[in-house]
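The block underneath contains the structure these notes are about, expressed in structure tokens.
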Amino acid sequence: MSESPLLIEDQDAVRVITVNRPDKLNALNSATLDALHRAFDDAASADTVRVVVLTGAGPKAFVAGADIAEMADLRPVEGRDFALRGQAMMRRVETLPKPVIAMVNGFALGGGLELAMCCHLRIAADTAKVGQPEVNLGLIPGFGGTQRLLRLAGRAATLELCLTGAPINAERALALGIVNRIAPAAELQAQTMALAEQLANAAPLALRGVLDCINTGGESAIGEGLAFEAAQFGLMFATEDMREGTRAFLERRKPEFKNR
Ligand code: COA
């Protein structure tokens, strides 16, 4: 069997998934897309996992894009299938019932930015560069870039990044709302793990409710989105964690959530 393109490690309730092709700047070939899809299926069903952190191996790149060498000779139907394969994996990440944090430790270009954008939160090193450079290859984004960037940062930023292909630095990505936070490169891991632990200690069913509302309600008309939110809100009253959270507040103590 060939070596896995991923490293997967659990630190208590936080699962860290690392794309491990540093000599290719963690470019996403088919084997890596499939391994990521399986890894996120696994993270979804593992009861011990509350939060996932996704990152890239080596000091230079989160992910420098879809694998250009693999794409160079594709025919149209194969190109479409490659896009669908990447999109399916990224939709799996986006709809995971637990928070996923992208730890953007360097270049997040093309498929790399698309991968970061399907995660729920993004923390970037101050040295990171992000962009959608596909036009420079005579291509366009194919793993959701035109759609998720549009929803995340609006038309002006999406048109600029996708039409020029030019990367932007972490500071600008923060200003455009493409990343949530920036950390000095040397502190990126510690700050990301601190955020992951904070989320791992929160009520899992409440986090899932928020993710469901934003994934489902966020794509609906406001009336449907609000109705969905109200139904999810009601569902929370069926959880022991909601009773614990409200009681702990009233008793002035820290809640202990049990994922029930
Ligand atoms: N697909 C396949 N291989 C890639 C890759 C990608 N998207 N990005 C980088 N690599 C490979 C390079 O071919 C090189 O491999 P080699 O050593 O076998 O020749 C290795 O990773 C290191 O990359 P290199 O270009 O030498 O590093 P650099 O520091 O000079 O430049 C980048 C870094 C990110 C600016 C440059 O690699 C780049 O532009 N990559 C492509 C980005 C892109 O267009 N992504 C969208 C794809 S749709």
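Its first residue numbered 910, the sequence shown is counted upward by one per residue in my numbering.
C-beta atoms are modelled at their ideal positions from N, C-alpha and C, and glycine is treated no differently.
Check	Outcome
For M910, three-class secondary structure by DSSP	Annotation note: pLDDT 46 at M910 (below 50); position unreliable, no value reported.
Strand pairing of R1031, partner residues [DSSP]	A1011
Rounded C-alpha distance that separates V986 from S939	15 Å
Straight-line Cα distance separating M1102 from V1002	19 Å
Closest residue to Q1107 among T927, H946, I926 and V960 (Cα-Cα distance)	V960
Nearest residue (CA-CA) to M949, options D976, P1006 and A992	With the sequence shown as reference, residue 949 is identified as Phe, and Met is not the correct amino acid for it. When each option's Cα is compared against that of F949, the closest is P1006.
Selected residue, minimal CA-CA separation from I1049, among G1020, R1169 and L1085	G1020
When V1044, R924 and M1012 are compared against A952, the one with the closest alpha-carbon	R924
Any non-hydrogen atom of the ligand COA within 6 Å of G974 CB	yes
Where the beta strand (DSSP E) containing Q920 begins and where it ends	L915 to Q920
Stretch-stretch touch, CB-based, cutoff 8 Å, three pairs: the region 956 to 972 with the region 1086 to 1106	yes
heavy atom of the ligand COA below 6 Å from A1082 C-beta	no
Opening and closing residue of the beta strand (DSSP E) in which R1090 lies	R1090 to A1092
Distance cut-off 6 Å: G995 Cβ against heavy atoms of the ligand COA	no
Where the beta strand (DSSP E) through R924 begins and ends	V923 to V928
Boundaries of the beta strand (DSSP E) in which F1142 is found, first to last residue	Careful: F1142 lies outside any beta strand (DSSP E), inside the alpha helix (DSSP H) at I1131 to M1145.
Assigned exposure category for R1057 - 16 Cβ within 10 Å defines buried	buried
Residue span of the alpha helix (DSSP H) that contains L1068, given as start and end	G1054 to T1073
Meets three-Cβ-pair contact criterion under 8 Å: the region 1015 to 1035 and the region 927 to 938	yes
Validate contact between the region 1029 to 1044 and the region 1086 to 1095 using beta carbons, cut 8 Å, 3 pairs	yes
Segment limits, beta strand (DSSP E) that includes V972	A970 to V972
A973 to R1117 span [Cα, whole Å]	30 Å
Three-way DSSP call (helix, strand, coil) for I1123 in this model	helix
Reduced DSSP category for A966 - H, G, I as helix; E, B as strand; rest coil	coil
Nearest residue (CA-CA) to F1016, options A1075, A1065 and R1000	A1075
C-beta atoms of N929 and A975 nearer than 7 Å	no
Same chain, Cβ closer than 6 Å to G1053, neighbours up to 5 away in sequence not counted	Q996, M999 and E1023
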